[in-house]
Ligand SMILES: [Fe+2]
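What follows is the structure, encoded as structure tokens:
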């Protein structure tokens, strides 16, 4: 695997994670628990789609076959999508949505912080812009974890259930393979062990304050990075890609 | 400008701003209040183009009219998020998806400013929202029409926001201060939305034959409901006289509708789309377009709750509100615990 090939896949993974999570958050639009949350969720979705576009544009450049961000987003199928399974999980109740974001943010921030020091200038530039946004995401999803955990009996129970349900998807965030190894060796991608320890300490401190229990590290679901997704992703893409697929070549 | 109250209005303006700094004027205020009927004074202020502020005396009917109008406006922003949000997950490009997300987010923001403006009149947000969810309060009927194709996102921006702007530009000068100020912010964003909607239509109109057909079909469906947004014709408008006197409204429904039609017909021509009105024609003498008959029976029917999506919209709002109850309760409970911990 060449560095270029690895970098292409690496950018797709970052782009796909952001795009799919942004899409899920967009589903809330107009249906949030209060207007302020509608605004906050849309903000998050907007930041993530902005980051997704940066990564997909760069992936297209790295690949060098003239594919645009929209070609990559709208004309790849389920098996070619490389996002982690966590982000494609359905919104569920607001606790599921926030726990999903919290787990993602707690990984995303240290990852992107490390990427600001990447030897690849473009990755470093994308990350430098993204870290401010992600720090805010983590702050707000962490705040909700604490409010839920230390709020009412019902909110505590819902948050704990969501955490127990989604924990199995957290392991895939740290999975490494050849793509990671090639880029790590070149100083382009960071050491995932360091990202994991930052994640662990964030989770530890937030869950403690939230009076929530960290689930046991049992079986961890994987496969997303290899395009082996849950059944949810196909429906998301069918919806997302419908116009591009129905009217091939049209400009919107 | 010949009202007897006018002379005092300028003093009152100063006193209202710095109530403790002008003891002499404070005396004048007392005298003025005794000498003038409050309502005359209020009207003098309105006539002198001074803004009415939350602490000022106002006729009860003025307050009620404003609460009704501002809350309807707030509800319209919030319900309007539904037909547009309907296309976020299906937007045909990442750029369009981001623009649409940002637009719907702006609408939520507009809802918030307007609920706040309502609160300055003593209507709590909780109660105002409850009136929407129970079906007691109205919102703009236009949002009871469905967004069936992507072109509808263009048409909503171009026509619906375009029509809303006519009203909103006028409302930037409305007599109630908090409403006028909220409108200034909203107008800026709304005219941006209108341009974005027009741009969507313009890309479709220049696109493939199927895209152009999509744009025309959308114009066909949204044109008449957009004209209805200005409300009944002046002859049949029940709330207009007081609203004009109090300068809540400053132009009649028909005047605003005329301006909208004159402007939009030209835009449709540039797009190469046809306005679905066989009677539409330019009148060289009046320098305005004449238009065909609005189907007021349809309008009344949608207002009465029988539009294509009235039920869905209310179900969606109620569902969001009910399912969000535990979230709001959790936030309150946590804030309460934090306050207690701080106090301890
Ligand atoms: Fe708006």
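Residue numbers (my numbering), protein chains in the order written: chain A, 24 to 275; chain B, 182 to 525. No residue lacks a Cβ here, since even glycine has one placed at the ideal position from N, Cα and C. Just so we're clear, the structure is a prediction, and the values are computed from it rather than from any experiment.
Does the structure place the region 227–237 of chain A close enough to the region 168–175 of chain A that three or more beta carbon pairs sit under 8 Å? Per the Cβ contact rule, the region 168–175 of chain A is in contact with the region 227–237 of chain A (3 or more Cβ pairs under 8 Å).
According to DSSP, is residue 106 of chain A helix, strand or coil? coil
By Cβ distance, which residues of its chain are closer than 8 Å to residue 179 of chain A, with the 5 residues on each side in sequence left out? 171, 172, 173, 234, 235
Could you check the C-alpha separation between residue 126 of chain A and residue 305 of chain B for me, to the nearest Å? Just so you know, the alpha carbons of residue 126 of chain A and residue 305 of chain B end up roughly 36 Å apart.
Outcome for residue 33 of chain A when other beta-carbon atoms lying within 10 angstroms are tallied against a minimum of 16: buried
Name, going along the chain, the residues of the region 270–301 of chain B whose beta-carbon falls closer than 7 Å to a beta-carbon of chain A. Of all residues in the region 270–301 of chain B, the ones placed with a Cβ closer than 7 Å to any Cβ belonging to chain A are 270, 271, 273, 274, 275, 277, 278, 279, 282, 283, 285, 286, 289, 290, 292, 293, in chain order.
Between which two residues does the alpha helix (DSSP H) carrying residue 300 of chain B extend? For residue 300 of chain B, the enclosing alpha helix (DSSP H) has its first and last residue at 275–300.
How many whole angstroms separate the CB atoms of residue 113 of chain A and residue 221 of chain A, which I take to be in contact at a CB cut-off of 8 Å? With a Cβ gap of about 28 Å, residue 113 of chain A and residue 221 of chain A do not count as contacting.
So what does DSSP say about residue 270 of chain A, is it helix, strand or coil? Coil.
Less than 8 Å between the CB of residue 291 of chain B and some heavy atom of ligand 1, yes or no? Within the cutoff, so yes.
Indicate whether at least one CB of chain A lies closer than 9 Å to the CB of residue 518 of chain B. yes
Using 8 Å as the cut-off, can you tell me whether the region 198–209 of chain A makes contact with the region 260–274 of chain A, which would need three or more C-beta pairs spanning the two stretches below that distance? no
Using a beta-carbon distance below 9 Å, is residue 508 of chain B in contact with chain A? yes
Pull out every residue of the region 359–389 of chain B whose Cβ sits closer than 7 Å to any Cβ of chain A, in chain order. 384, 388, 389
Is residue 261 of chain B near ligand 1, with its Cβ less than 8 Å from a heavy atom? yes
Counting C-beta neighbours from all protein chains within 10 Å, is the total for residue 443 of chain B 16 or more, i.e. buried, or is it exposed? exposed
Name the residues in the region 47–59 of chain A whose C-beta lies less than 8 Å from a C-beta of chain B; which are they? 49, 50, 52, 53, 54, 55, 56, 57, 58, 59
Limits of the alpha helix (DSSP H) - the one that residue 403 of chain B falls within: 390–409
Taking the continuous alpha helix (DSSP H) assigned at residue 504 of chain B, which residues delimit it? 491–504
Do you know offhand how far residue 130 of chain A's Cα is from residue 196 of chain A's? Using only the alpha carbons, I get a separation of about 7 Å.
Pick out whichever of A:30, A:45, A:123 has its Cα sitting closest to the Cα of residue 188 of chain A. Of the residues A:30, A:45, A:123, the one whose Cα lies closest to the Cα of residue 188 of chain A is A:123.
Which word fits residue 315 of chain B, buried or exposed, when buried means at least 16 other C-beta atoms lie within 10 angstroms of its C-beta? exposed
Got a sec? Which residues, its chain only, sit under 7 Å from residue 454 of chain B by beta carbon, not counting five neighbours each side? 386, 396, 397, 400
Between residue 265 of chain B and chain A, is any beta-carbon pair separated by less than 9 Å? yes
Among all the DSSP beta bridges, which residues are the ones paired with residue 357 of chain B? DSSP output for residue 357 of chain B lists B:233 as bridge partner(s).
Out of B:230, B:501, B:470, B:261, point me to the one whose CA is closest to residue 436 of chain B's CA. The residue with the shortest Cα to Cα distance from residue 436 of chain B is B:470.
What residues from chain A crowd round residue 483 of chain B, counting only those whose CB sits closer than 7 Å? In chain order: nothing, as chain A lies at least about 20 Å away.
Since residue 277 of chain B contacts residue 354 of chain B with CB under 8 Å, what's their CB separation in whole angstroms? Contact between residue 277 of chain B and residue 354 of chain B is ruled out by a C-beta separation of about 34 Å, above the 8 Å threshold.
Residue 248 of chain B versus residue 203 of chain A: straight-line alpha-carbon distance, rounded: 59 Å
Length of the line joining the Cα atoms of residue 280 of chain A and residue 474 of chain B: Residue 280 of chain A lies beyond the range of chain A shown here (24 to 275); nothing can be said about it.
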